[in-house]
Amino acid sequence: MAGLQEILDDIAAALADETDRGKVATYIPQLARIDVRKFGIAAALPDGSTLTAGDAAEPFSIQSISKVFTLAIALGRLGESLWRHVGREPSGQRFNSIVQLEYEDGRPRNPFINAGAIAVTDAILAGHSPKEVLGEILQFVRAAAGDDDIHINGSVAQSEKATGHLNFALAHFMRAHGVLQHAPDLTLGTYFHQCAIEMSCAQLARAGLFLTDAPGVPRMISRGRARRICAIMLTCGHYDASGDFAFQVGLPGKSGVGGGILMIAPGRASVAIWSPGLNAQGNSRLGTKAAHMLAERTGWSVFDGRTLRA
Ligand code: GLN
-14 MAGLQEILDD
-4 IAAALADETD
6 RGKVATYIPQ
16 LARIDVRKFG
26 IAAALPDGST
36 LTAGDAAEPF
46 SIQSISKVFT
56 LAIALGRLGE
66 SLWRHVGREP
76 SGQRFNSIVQ
86 LEYEDGRPRN
96 PFINAGAIAV
106 TDAILAGHSP
116 KEVLGEILQF
126 VRAAAGDDDI
136 HINGSVAQSE
146 KATGHLNFAL
156 AHFMRAHGVL
166 QHAPDLTLGT
176 YFHQCAIEMS
186 CAQLARAGLF
196 LTDAPGVPRM
206 ISRGRARRIC
216 AIMLTCGHYD
226 ASGDFAFQVG
236 LPGKSGVGGG
246 ILMIAPGRAS
256 VAIWSPGLNA
266 QGNSRLGTKA
276 AHMLAERTGW
286 SVFDGRTLRA
């Protein structure tokens, strides 16, 4: 195998001239302004090094990737009782779909679709103010990344609040079914801010290292929980394209409408990719392609027997 730096450089170079880059998310007005030509990739390794290519130092809106961190916090806070609020089955539906909620009495399928993530944020709000919860999320992410220079972009959060009617619909529906404990305005105010955290690929890759369960990496949560979060990333992290991501890439991943993907190669690396143009399922178009290329070139896969024998 070529060196990892060479692989990252090759991927960035191969995708630089791609003309079909997908479409940036426009339903959050602040995200519509991002340059679709941006591309960054970073791999954080257990030895403390971070390899990068392209625009890997430029902060972007992590959006739904924040759901990985809030799930980790919620499992730490509530333990197994979290699963009373949210399921852990793939939805096979768009990330902001409301249709399943009606059939399933307001209990969302999993923590990574919008409804599920809103329920998780609502659960960690119990006994805490939005400010405290956002402080805790930032503290977790900063500690995981080993970097205090990670912030929330308030204007992205405001911009989503002004246009987030679908998320309000989901929240009110769940509140009507007693799944949410707080006023939708309070829970969504917190949720929009967690989604508006900005990180560069290099920061995000380092923040994901705790999920690799590699020796020497600071343990933020128990080994069993890290493994289960990865399982949900694999089965639900790309919404109705999760099956295809598992098929093509074979690694747990979580995408966001900012165009980011966090991907975990257990025991080996945490990888972040950013390309703001999205495909039809709301996942980064070139990010998905880059994830596939990286998995092919490195041979990293949770289904690779050599990984398990090592
Ligand atoms: N904040 C976004 C929303 O709720 C997150 C969605 C996403 O990244 N897929 O719509």
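Counting along the sequence shown from 1, when you hit position 295 you're at 280 in the numbering used here, and nothing is skipped either side. From the three backbone atoms N, C-alpha and C, an ideal C-beta is built for every residue, glycine too.
Distance CB(residue i)-CB(residue j) smaller than 8 Å
i: S260; j: R253; result: no
i: P31; j: T197; result: yes
i: I206; j: A17; result: no
i: L151; j: M159; result: no
i: I13; j: S144; result: yes
i: Q48; j: V234; result: no
i: T37; j: A187; result: yes
i: R127; j: I137; result: no
i: R210; j: L67; result: no
i: I26; j: I249; result: no
i: T55; j: A100; result: no
i: L63; j: A28; result: no
i: L171; j: L123; result: no
Which residues DSSP lists as bridging residue i, in chain order
i: M248; result: G238, V256
i: G61; result: Note: G61 sits in no beta bridge, so no partner.
i: H157; result: H157 is not bridged to any residue.
i: T106; result: Partner(s): none; T106 has no beta bridge.
Closest Cα partner of residue i within the set the options
i: A147; options: Q15, A104, L123; result: Q15
i: N264; options: Y224, L279, A280; result: Y224
i: P44; options: K23, G33, L155; result: K23
i: C221; options: V53, R92, A41, D5; result: V53
i: G120; options: A161, G33, V71, I182; result: I182
i: S255; options: A226, K8, K239; result: K239
i: I19; options: V202, R62, S46, L219; result: S46
i: M184; options: L247, D229, F230; result: L247
Nearest-angstrom Cα separation, counted from residue j out to residue i
i: N95; j: L(-11); result: 33 Å
i: G245; j: I98; result: 16 Å
i: K274; j: A(-1); result: 10 Å
i: R212; j: P237; result: 10 Å
i: F288; j: A280; result: 11 Å
i: A161; j: D90; result: 10 Å
Cβ of residue i within 8 Å of any chain D Cβ
i: L(-7); result: Among the chains in the structure shown there is no chain D, since it carries only a single protein chain.
Any residue with its Cβ nearer than 6 Å to a heavy atom of the ligand MG should be included. What is that list in chain order? Questions concerning the ligand MG fall outside what the structure shown contains, since the ligands it does hold are the ligand GLN.
In chain order, which alpha helix (DSSP H) runs of at least 4 residues are fully inside the stretch 197 to 233? 208 to 221, 227 to 233
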